[in-house]
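Below you'll find the structure, written out as structure tokens, and then a few comments.
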Amino acid sequence: MSSTSGELRMSTEPTSIKGSVTPPTSIDSENSGVGASSQAEGTTGKRKAAPQRLQVWSHFTKFINSDGARSLKYHIGSCKKNPSNVVDTSQGQLVLPRKGVEGGEGHLSTWRFDQEACRKGLAKMIVIDELPFKFVESEGLKKFMSMACPRFHIPSRTTMTRDVYQLYLDERVKIKQLLRSSCSRVCLTTDTWTSLQRVNYLCITAHFIDNDWKLNKKILNFCPISNHKGESIGMVIEKCLLNWGIDKLFTVIVDNASSNDVAIGYLRKKFNPRGGLVQNGKYLHMRCMAHIVNLIVVEGLKEMNISVERVRGLLDM
Numbered sequence: 001m002s003s004t005s006g007e008l009r010m011s012t013e014p015t016s017i018k019g020s021v022t023p024p025t026s027i028d029s030e031n032s033g034v035g036a037s038s039q040a041e042g043t044t045g046k047r048k049a050a051p052q053r054l055q056v057w058s059h060f061t062k063f064i065n066s067d068g069a070r071s072l073k074y075h076i077g078s079c080k081k082n083p084s085n086v087v088d089t090s091q092g093q094l095v096l097p098r099k100g101v102e103g104g105e106g107h108l109s110t111w112r113f114d115q116e117a118c119r120k121g122l123a124k125m126i127v128i129d130e131l132p133f134k135f136v137e138s139e140g141l142k143k144f145m146s147m148a149c150p151r152f153h154i155p156s157r158t159t160m161t162r163d164v165y166q167l168y169l170d171e172r173v174k175i176k177q178l179l180r181s182s183c184s185r186v187c188l189t190t191d192t193w194t195s196l197q198r199v200n201y202l203c204i205t206a207h208f209i210d211n212d213w214k215l216n217k218k219i220l221n222f223c224p225i226s227n228h229k230g231e232s233i234g235m236v237i238e239k240c241l242l243n244w245g246i247d248k249l250f251t252v253i254v255d256n257a258s259s260n261d262v263a264i265g266y267l268r269k270k271f272n273p274r275g276g277l278v279q280n281g282k283y284l285h286m287r288c289m290a291h292i293v294n295l296i297v298v299e300g301l302k303e304m305n306i307s308v309e310r311v312r313g314l315l316d317m
């Protein structure tokens, strides 16, 4: 048992090969060597500087003081000259336009602020809603725009007047191009009346079908006239058609007045030699059915005037 245990016991004595003697290796000596080397490095090497973790030191010069860096951090966040705080006006913003609005198809698109486009939209709003030009100088609009779009500079009433007139000129060019590209004939409707200020007015509206088979209705002229004579009305209509470049007429619908018969005769005499009428103007004169029905109703109520007055008297009691 002793011999067996002796064979299994590991020998810690150094072994020699061919008479050479290997000195014993001590674990403590190795550890002491490592400690000495690290101590030597600590005495000879320099301590590394700690990195600056605060972002403010990339904008400021470090100065030792008892105060902290919190105020500097707040200043960087609110400083307008900081490149990180500069707003890129060309940066787009995702919006979802509503259907039914001009330019809105219900698809996701980008939006960018445009001063000229906003001015044009404001001019369209004044025209569509029949607002006065002084609306742009109202306090309510200024307060609303300061919250909705602070970057929009609201123009004065004089500037808005010019914008509305320029909008009229642009729309006039578009309608002229539409009439020029359309191969169909134009039907006109006219109406005349006298205002409370005893001023005579004439309105001319064109109805035509474009190349996409869509029925269009455009007001060509709204102007004062000197009187309600037929020849004067015919001359105003002729001048309006020449200004718009319209030479192909199909029908002209007027109310049931004798002066309009003279006006239609004047137009037939002017446009028939140019080849702008159908069958020598046979279908040019069309009477307004609504005006005829109105005349019938008015004449019928005259026969019932006594009964109507009695009913009104009972209601007043």
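One point on numbering: in UniProt numbering, the residue at position 90 of the sequence shown is 90, and numbering is uninterrupted.
Using N, Cα and C, we set each Cβ at its ideal position, and we do this for glycine too.
Just so we're clear, the structure is a prediction, and the values are computed from it rather than from any experiment.
**Prompt:** If you run the structure through DSSP and keep just helix, strand and coil, what is Ala-257?
**Reply:** coil
**Request:** Please classify Arg-162: is it buried, with 16 or more other beta-carbons within 10 angstroms of its beta-carbon, or exposed?
**Result:** exposed
**Prompt:** Whose CA, out of Lys-229, Glu-309, Met-289 and Lys-142, lies closest to the CA of Ile-253?
**Reply:** Met-289
**Item:** Rounded straight-line distance, which links the Cα of Asn-221 to that of Leu-202
**Value:** 8 Å
**Prompt:** Just checking, does the segment 257-268 make contact with the segment 227-244 on the three C-beta pairs under 8 Å criterion?
**Reply:** yes
**Request:** For Lys-218, write down the residues that DSSP places opposite it in a beta bridge.
**Result:** Ala-206
**Message:** Quick test of your reading: Ile-225 and Thr-205, contact by CB under 8 Å. State the CB separation rounded to the nearest angstrom.
**Reply:** The pair is not a contact, with the Cβ atoms about 16 Å apart (cut-off 8 Å).
**Prompt:** Could you give the C-beta distance for Val-127 and Leu-167, rounded to a whole number, given that I count them as a contact under 8 Å?
**Reply:** 7 Å
**Asked** Mind checking Thr-110: buried by the 16 CB within 10 Å criterion, or exposed?
**Response** exposed
**Message:** Please report the distance separating the alpha-carbon of Glu-238 from that of Leu-179.
**Reply:** 16 Å
**Request:** Inspect the CB distances between the segment 303-311 and the segment 274-291 and report whether three or more fall short of 8 Å.
**Result:** no
**Prompt:** What three-state label does DSSP hand Val-199 in the structure shown?
**Reply:** coil
**Request:** Please classify Arg-185: does DSSP put it in a helix, a strand, or coil?
**Result:** coil
**Asked** Is DSSP giving His-228 helix, strand or coil here?
**Response** coil
**Anticipated Cβ contact below 8 Å, Ile-233 with Ala-263, distance rounded** = 4 Å
**Message:** Quick check on the burial criterion: 16 or more other C-beta atoms within 10 angstroms. Buried or exposed for Leu-301?
**Reply:** exposed
**Prompt:** Exposed or buried, Leu-315, counting other C-beta atoms within 10 Å across all chains shown (16 or more means buried)?
**Reply:** exposed
**Message:** Pop quiz: Asn-200 and Thr-192 are said to be a contact at Cβ under 8 Å. What is the actual Cβ separation, rounded to whole angstroms?
**Reply:** 7 Å
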